[in-house]
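In full-length UniProt numbering, the protein residues as written are 1 to 312. C-beta: ideal position from N, C-alpha, C; glycine also. Heads up, the thing below is written out as structure tokens.
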């Protein structure tokens with residue numbers, strides 16, 4: 001019996017000794033190789049600045065043609081982009097505003113965000129990958145044709161020190177929507193309805209101003225450009241709001257959701273109405289007038305998802 005007891009003690013000692021040796025070996029290996037961490041650059045973003053991450057589609061003209069997007073605008077394709085933007089904002093509560101148009105989306109983080117310790121590479125890679133995967137997952141909800149191949153998006157981080165800088169950035173992106181959409185609307189009308197070739201349409205529009213294109217659309221196609229869907233002319237703004245359904249009492253605080261709106265954000269009126277963007281971040285209220293339309297469809301999906309998660 002004494003021999004067996006001594007044997008067990010000896011084995012236990014050997015096990016402990018081997019474990020300690022292995023741990024010491026691993027520790028030595030880690031300390032030997034971990035110098036490579038010193039090659040990582042410190043990419044922590046400066047404090048108290050607006051962080052904007054802009055996502056852009058890679059070779060999206062080819063992607064749009066391969067999937068037969070309607071010209072000049074495909075409403076469902078734009079809603080896939082909006083769905084991906086909403087998914088990113090649901091993941092990052094520090095994003096106060098998203099802005100999307102065509103194949104790009106911009107996300108504005110609060111000045112005081114501490115997400116990923118404000119590391120640029122972490123924020124950029126997470127937002128870009130989240131947007132891309134959400135785009136793929138949202139495709140079948142809006143598009144009739146199958147996804148032939150995976151889309152690709154790149155991204156960049158841009159910092160804006162002042163509120164004025166941020167407003168100018170967003171104004172620039174919305175002005176870009178107007179210029180491009182007006183041109184594309186006139187171009188594709190000439191090609192699809194007047195029978196011009198792409199080259200002939202380009203020559204017809206070369207050197208024209210906005211007023212000329214508006215006149216062309218009205219005189220030749222009976223289109224008042226200002227009556228076209230606001231999503232095409234102004235892009236989509238995503239804001240975090242407390243949504244009150246038509247059946248609810250307006251005194252009800254509602255449930256929080258990401259609301260897609262299509263408004264002019266260049267003028268002062270937008271910023272007076274949505275003071276939570278630049279001021280104290282408390283989501284405002286958004287009362288739905290009806291449960292119809294694409295905007296309500298987007299909101300209904302979010303509220304349904306929230307109810308499922310909450311087990312309601």
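Asked	Found
Unbroken alpha helix (DSSP H) run spanning residue 323, endpoints	The structure shown has nothing for residue 323, since the chain only spans 1 to 312.
Which listed residue (111, 101 and 81) has its alpha carbon closest to that of residue 50	111
Residue 85 - containing alpha helix (DSSP H), residue span	75-91
Residue 36: first and last residue of the uninterrupted beta strand (DSSP E) it sits in	Per DSSP, residue 36 belongs to no beta strand (DSSP E) and is neither H nor E.
Three-way DSSP call (helix, strand, coil) for residue 44 in this model	strand
Residue 170 to residue 195 span [Cα, whole Å]	36 Å
Stretch-stretch touch, CB-based, cutoff 8 Å, three pairs: the stretch 112-125 with the stretch 57-70	no
Under the three-state DSSP convention, the category residue 209 falls into	coil
Residue 150 in three-state terms, based on DSSP	coil
Counted within 10 angstroms of its Cβ, other Cβ atoms place residue 44 as buried (16 or more) or exposed	exposed
DSSP-derived helix/strand/coil call for residue 138	helix
Near the ligand MN: residue 208 beta-carbon under 7 Å from a heavy atom	By its list of ligands, the structure shown contains no ligand whatsoever, and the ligand MN lies outside what it can speak to.
Span separating the alpha-carbon of residue 152 from that of residue 32	39 Å
Neighbourhood of residue 141 by C-beta, 6 Å cutoff - its chain only, sequence neighbours within 5 removed	none
Residue of 105, 147, 122 and 94 minimising C-alpha distance to residue 40	122
Residue 110 in three-state terms, based on DSSP	coil
Residue from 139, 135, 104 and 99 whose Cα sits closest to the Cα of residue 266	99
The stretch 71-82 in contact with the stretch 220-240 per 3-pair CB rule at 8 Å	yes
C-alpha distance - residue 203 paired with residue 188, whole-angstrom precision	13 Å
The stretch 123-136 contacting the stretch 272-280, beta-carbon criterion three pairs below 8 Å	no
C-beta contact flag for residue 139 and residue 80 at 8 Å	yes
Exposed unless 16 or more other CB atoms sit within 10 angstroms - verdict on residue 218	exposed
Opposing strand residues paired with residue 260 [DSSP bridges]	238
Residue 209, buried or exposed, once every other Cβ within 10 Å from all chains shown has been counted against 16	exposed
Residue 95 versus residue 193 - alpha carbon distance	42 Å
For residue 101, the three-state DSSP class (helix, strand or coil)	strand
Rounded C-alpha distance that separates residue 259 from residue 35	47 Å
Buried or exposed by the 16-neighbour rule on C-beta atoms within 10 Å, applied to residue 93	exposed
For residue 159, the three-state DSSP class (helix, strand or coil)	strand
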